[in-house]
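Residue numbers 2 to 303, in this note's numbering, belong to the letters of the sequence shown in order.
For each residue, glycine too, the CB sits at the ideal point set by N, CA and C.
What follows is one structure encoded as structure tokens, with my remarks underneath.
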Amino acid sequence: MKKFYFLFAIVLISTFSQAQVVISQIYGGGGNTGATYTNDFIELFNRGTVAQNLSGWSVQYASANGTTWAVTQLPNFNLQPGKYYLIQQAAGSTPVLALPTPDLDGITCNCTYNTQTPPVLSTTGIAMSGSNGKVILVNSVTPESTANPTGAQIIDKVAFGTTSTSGFEGTGPTGTALTNSTSAIRNNAGCTDTDNNSTDFTAAAPVPKNSATAINTCILATNQNSISGLSVYPNPVKNGVFFINTDANAERTVTVFDVLGKQVLNLTTSNNAINVNNLNSGVYMVKITEEGKTATRKLVIE
Numbered sequence: 002m003k004k005f006y007f008l009f010a011i012v013l014i015s016t017f018s019q020a021q022v023v024i025s026q027i028y029g030g031g032g033n034t035g036a037t038y039t040n041d042f043i044e045l046f047n048r049g050t051v052a053q054n055l056s057g058w059s060v061q062y063a064s065a066n067g068t069t070w071a072v073t074q075l076p077n078f079n080l081q082p083g084k085y086y087l088i089q090q091a092a093g094s095t096p097v098l099a100l101p102t103p104d105l106d107g108i109t110c111n112c113t114y115n116t117q118t119p120p121v122l123s124t125t126g127i128a129m130s131g132s133n134g135k136v137i138l139v140n141s142v143t144p145e146s147t148a149n150p151t152g153a154q155i156i157d158k159v160a161f162g163t164t165s166t167s168g169f170e171g172t173g174p175t176g177t178a179l180t181n182s183t184s185a186i187r188n189n190a191g192c193t194d195t196d197n198n199s200t201d202f203t204a205a206a207p208v209p210k211n212s213a214t215a216i217n218t219c220i221l222a223t224n225q226n227s228i229s230g231l232s233v234y235p236n237p238v239k240n241g242v243f244f245i246n247t248d249a250n251a252e253r254t255v256t257v258f259d260v261l262g263k264q265v266l267n268l269t270t271s272n273n274a275i276n277v278n279n280l281n282s283g284v285y286m287v288k289i290t291e292e293g294k295t296a297t298r299k300l301v302i303e
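Given below as structure tokens:
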């Protein structure tokens with residue numbers, strides 16, 4: 002799970018006026034052979050519209066099907082809308098690049114991570130798997146004790162890789178085993194959250210972001226996925242052209258974003274055929290607006 006670069010992203014989500022803090026990136030290959038960065042890290046993102054104080058919260062990690070959760074307690078910090086929060090974790094044995102300045106150094110914070118007496122302190126950071134595992138964001142500092150934590154205390158949970166049979170949102174884990182040079186990255190620069198790890202994340206080279214990273218505003222919309230009869234095909238795109246059909250088949254605006262949240266195509270057209278021959282192979286998000294209604298679709302270009 003490695004590096005990733007996020008810019009301003011425009012995505013359709015929901016219309017809640019609230020903090021919506023999510024796990025936006027996970028990297029566990031730090032300091033391993035072929036790693037990009039020396040340290041593992043967990044990145045958070047506030048995709049909502051109001052600030053969220055992180056005091057009393059924690060991030061917790063377990064192996065793919067484990068029930069023992071290592072905990073890093075979060076400090077009294079107001080995470081503003083559209084901002085990221087970088088949590089540095091354990092280092093591997095092969096030093097490479099240092100992370101951008103972490104907002105929290107899990108190695109030296111000496112955070113209480115369980116309730117035994119005397120409390121066990123996290124002094125070396127959490128050593129995460131570079132391929133498969135689980136991370137949760139919790140509004141308490143008490144370690145969870147099951148393979149699939151549930152309840153109001155769970156703010157977000159992500160099972161990364163391919164082997165987790167629980168501990169994920171939706172139908173399965175992120176779906177790609179990570180390497181020492183890839184991280185699990187929430188699509189559209191952290192804005193996408195459909196509560197399904199298998200579609201919300203992409204494995205890509207990590208670029209960790211901290212609270213100094215430029216603000217990323219997630220645009221909210223009320224008519225998400227409400228275009229009648231919408232179909233986008235073929236998917237994957239094999240010959241540089243895909244088609245959009247709807248019941249109305251009216252003039253529409255089509256905007257394509259790459260997994261970094263960068264706009265790579267924007268046009269208004271009455272044609273069903275959309276030429277993407279100039280785009281590289283990869284995963285993209287397509288935003289379609291027709292007659293005041295908007296929908297987004299994941300698109301793979303081969």
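Cβ neighbours of S141 within its own chain (closer than 6 Å, five residues either side excluded): Q154. For the 8 Å CB-CB criterion, Q89 and P103 form a contact.
Of the residues P150, G31, A296 and N188, the one whose Cα lies closest to the Cα of S232 is A296.
With fewer than 16 other Cβ atoms from the protein chains shown falling within 10 Å of its own Cβ, A251 counts as exposed.
Counting along the chain, T177 sits inside no beta strand (DSSP E), nor does DSSP assign it H or E at all.
A contact is defined here as three or more CB-CB pairs under 8 Å, and the region 272 to 283 meets this definition with respect to the region 240 to 260. With a contact defined as Cβ atoms closer than 8 Å, F42 and L100 qualify at about 6 Å. Taking L98 as the centre and dropping the five residues before and after it, the same chain places the C-beta of T37, Y38 and T39 closer than 7 Å to its C-beta, in chain order. Taking each of S229, T218 and Y234 in turn and checking the Cα distance to G49, the smallest one comes out for T218. Only exposed fits L268, as fewer than 16 other CB atoms lie within 10 angstroms of its CB. For a cut-off of 8 Å, the C-beta gap from G191 to A178 is around 22 Å, too long to register as a contact. Rounded to the nearest whole angstrom, the C-alpha separation of Y85 and K239 is 35 Å.
Check the Cα spacing between D194 and each of S184, N181, G171 and T180: the tightest is with G171. Note that the C-beta distance between P150 and V72 is not below 8 Å. In the three-state reduction of the DSSP assignment, T254 falls in the strand class, which pools E and B.
With respect to the C-alpha of T180, the residue from N188, G173 and N33 having the closest C-alpha is N33. Counting only the Cα atoms, K299 lies some 19 Å from V159. Measuring C-alpha to C-alpha distances from G30 to each of N198, V255 and A185 identifies A185 as the nearest.
In the DSSP assignment, Q89 forms a beta bridge with F42 and D106. Your pair P174 and S199 checks out as a contact, with CB atoms roughly 7 Å apart and the cut at 8 Å. Around the C-beta of I228, 16 or more other C-beta atoms lie within 10 Å, and the residue is accordingly described as buried. Burial of E291 is indicated by the presence of at least 16 other C-beta atoms within 10 angstroms of its C-beta. Within the same chain, and ignoring the five residues on either side of T68 in sequence, the residues whose Cβ sits closer than 7 Å to its Cβ are S146, T147 and A148.
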